[in-house]
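Here's the structure, in structure tokens; my notes come after.
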Amino acid sequence: MSVKVGRYLIYGLVDPIDRGLRYIGKTHKRREWRLDEHIKHAVENDQRPVYHWIRSLLSRNEQPEIFILKKISADSDWRLAEKEAILFWKQNNLVQFPYRHPPQTKKSKEILIKYVDLLNATNGG
């Protein structure tokens with residue numbers, strides 16, 4: 000049975016200590032649920048680089064901050080949107096740091112990013 004998706008979110012994970020953007024992903028779930036899934040994978044010892052980073056934060060009683068980069072409609076190509084976001088932030092010469100990302104949804108807040116060092120295992124999609 001497939002789930003009817005109302006929209007997708009392209010999101011980022013930021014280090015709460017040094018304000019580095021460390022990961023970009025997509026979800027159709029609520030952002031806090033997706034963050035909980037990332038933390039669960041880290042605790043379960045997933046060996047992907049992003050989970051090593053999350054475990055290092057958890058060992059200091061911290062956790063990543065999740066924020067919305069872009070909200071896209073369900074009929075849009077989320078794979079392309081995710082790839083474009085990863086490529087944009089990898090070419091971070093397009094952004095002047097520190098960067099204040101504006102809220103993208105009613106529940107969002109402005110997020111401060113001081114640098115980018117993505118730990119994505121792939122280029123998205």
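Take 0 as the starting number for the sequence shown in numbering that gives the first Met the number 0 and just add one per residue.
Beta carbons: idealized from backbone N, C-alpha and C, even for Gly.
The alpha helix (DSSP H) enclosing residue i, as first and last residue numbers
{"i": "residue 87", "result": "77 to 89"}
{"i": "residue 4", "result": "Looking at the DSSP string, residue 4 is not in any alpha helix (DSSP H), and its letter there is neither H nor E."}
{"i": "residue 34", "result": "30 to 42"}
Residue i - containing beta strand (DSSP E), residue span
{"i": "residue 70", "result": "64 to 72"}
{"i": "residue 94", "result": "Note, residue 94: premise wrong, no beta strand (DSSP E); not H, not E."}
{"i": "residue 16", "result": "Where residue 16 is concerned, there is no enclosing beta strand (DSSP E), given that its DSSP letter is neither H nor E."}
{"i": "residue 111", "result": "110 to 112"}
Spatial distance of residue i from residue j (CA atoms)
{"i": "residue 44", "j": "residue 84", "result": "27 angstroms"}
{"i": "residue 27", "j": "residue 112", "result": "24 angstroms"}
{"i": "residue 19", "j": "residue 13", "result": "5 angstroms"}
{"i": "residue 9", "j": "residue 120", "result": "16 angstroms"}
{"i": "residue 58", "j": "residue 46", "result": "16 angstroms"}
{"i": "residue 90", "j": "residue 115", "result": "9 angstroms"}
{"i": "residue 69", "j": "residue 117", "result": "17 angstroms"}
{"i": "residue 4", "j": "residue 124", "result": "17 angstroms"}
{"i": "residue 61", "j": "residue 54", "result": "9 angstroms"}
{"i": "residue 73", "j": "residue 7", "result": "6 angstroms"}
{"i": "residue 82", "j": "residue 71", "result": "13 angstroms"}
{"i": "residue 39", "j": "residue 56", "result": "13 angstroms"}
In DSSP terms, what residue i is bridged to
{"i": "residue 53", "result": "DSSP lists no partner for residue 53."}
{"i": "residue 11", "result": "23 and 66"}
Beta carbon proximity, residue i to chain D, threshold 7 angstroms
{"i": "residue 44", "result": "Protein chains in the displayed structure number just one, and chain D is not present."}
Three or more C-beta pairs below 8 angstroms linking the region 44 to 62 and the region 101 to 111: no
contact_flag[the region 58 to 66, the region 22 to 40] where n(CB pairs < 8 angstroms) is 3 or more: yes
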